[in-house]
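>
Residue numbers (the working numbering): 198 to 373.
If you want it as structure tokens, here you go:
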């Protein structure tokens, strides 16, 4: 699937966008949510990113069915795991709601999800390692210039760097 997309320099408003989204989901899912995590590039200060908030709704094991029903009631469609185990993706189909909320990707993970842990270790490592953050920004900018109309080629191109960052983060964590 090819389409034009954009990446931008870090925007502090992304934290406000996340806060708005978190409040919305806390209000609609209240007692079903353990916490809501801002993940992905927009959660990392000084990171270039697509201006779309990635968020993980963290739930207790066994409560997914109830969360899925609540999300469907407000206009989300369950897309499955999209090939990534232990992370369920949802797409907003309600056009009115889409206009009122910041752009976002919504995922639901159990608190023991390997994918949730991967998201968090990636975020924390780059927040705490400016040299690695800078290297990753350079890679993302080069890929964007090379593939401005092909999101999948862009994502595939940065996959190796993401995996390398996660390996480094895990090694660093093991040495602490």
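Where is the CB? At the ideal position from N, CA and C, for every residue including glycine.
Keep in mind it's a predicted model, so treat the numbers as computed, not measured.
(1) Decide yes or no for the touch test of the region 245-252 against the region 206-214: beta carbon pairs closer than 8 angstroms, at least 3 of them.
(2) Between the Cα of residue 371 and those of 224, 220 and 318, spot the shortest distance and give me the residue it belongs to.
(3) Counting C-beta neighbours from all protein chains within 10 Å, is the total for residue 330 16 or more, i.e. buried, or is it exposed?
(4) Does the distance from the C-beta atom of residue 335 to that of residue 202 stay below 8 angstroms?
(5) Would the beta-carbon of residue 290 fall within 8 angstroms of that of residue 272?
(6) Report the start-end ranges of each alpha helix (DSSP H) in the region 214-273 that is 4 residues or longer and not cut off at the edges.
(7) So for residue 149, helix, strand or coil by DSSP?
(8) Among 280, 342 and 301, whose alpha-carbon lies nearest the alpha-carbon of residue 288?
(9) Taking the beta strand (DSSP E) that residue 287 falls in, what are its first and last residues?
(10) Beta carbon of residue 189, beta carbon of residue 281: below 8 angstroms?
(11) Am I right that residue 264 and residue 234 are in contact with their C-beta atoms under 8 angstroms? What's the rounded C-beta distance?
(12) Thinking C-alpha only, which one of 339, 338 and 315 is nearest residue 361?
(13) Could you tell me which residues DSSP puts in a beta bridge with residue 317?
(14) Would you mind working out which of 253, 358, 357 and 225 sits nearest residue 309, comparing C-alpha positions?
(15) Measure the Cβ-Cβ separation of residue 260 and residue 283 and say whether it is below 8 angstroms.
(16) Give me the Cβ distance between residue 320 and residue 236, rounded to the nearest whole Å; I'm assuming they're in contact under 8 angstroms.
Put simply:
(1) Of all C-beta pairs linking the region 245-252 to the region 206-214, three or more are shorter than 8 angstroms, placing the two stretches in contact.
(2) Within the chain shown, residue 371 is the residue found at index 174, counting from 1. A check of alpha carbon separations from residue 371 across 224, 220 and 318 identifies 318 as the nearest.
(3) Locating residue 330 in the chain shown gives position 133, where the first residue counts as 1. Looking at its Cβ environment, which holds 16 or more other Cβ atoms inside 10 Å, residue 330 is buried.
(4) To locate residue 335, count along the chain shown from 1; it is residue 138. To locate residue 202, count along the chain shown from 1; it is residue 5. By the CB criterion at 8 angstroms, residue 335 and residue 202 fall outside the cutoff.
(5) As a working note, residue 290 is residue 93 in the chain shown. As a working note, residue 272 is residue 75 in the chain shown. Pairing residue 290 with residue 272 gives a Cβ-Cβ distance under 8 angstroms.
(6) DSSP runs (the alpha helix (DSSP H)) wholly in the region 214-273: 261-270.
(7) Nothing can be reported for residue 149, as the shown portion of the chain is limited to 198 through 373.
(8) The residue labelled residue 288 in the question sits at position 91 within the chain shown. Ranking the options by Cα distance to residue 288, first place goes to 301.
(9) If you number the chain shown from 1, residue 287 lands on position 90. Boundaries of the beta strand (DSSP E) around residue 287: 285-289.
(10) Given that the chain is displayed from residue 198 to residue 373, the structure contains no residue 189 and the question cannot be resolved.
(11) As a working note, residue 264 is residue 67 in the chain shown. As a working note, residue 234 is residue 37 in the chain shown. Beta-carbon to beta-carbon, residue 264 and residue 234 are separated by about 15 angstroms, too far to satisfy the 8 angstroms threshold.
(12) In the chain shown, the residue the question calls residue 361 occupies position 164. Residue 315 is the option with its Cα nearest to residue 361.
(13) Translated into positions along the chain shown, residue 317 becomes position 120. For residue 317, which the question treats as bridged, DSSP gives no partner whatsoever.
(14) Start at 1 with the first residue of the chain shown, and residue 309 comes out as number 112. That would be 253, whose Cα lies nearest to the Cα of residue 309.
(15) Looking up residue 260 in the chain shown gives position 63. Looking up residue 283 in the chain shown gives position 86. No; because the gap between Cβ atoms is not below 8 angstroms, this pair is not in contact.
(16) Walking along the chain shown from the start, residue 320 turns up at place 123. Walking along the chain shown from the start, residue 236 turns up at place 39. In this structure residue 320 touches residue 236 by the C-beta definition: roughly 6 angstroms separates them, less than 8 angstroms.
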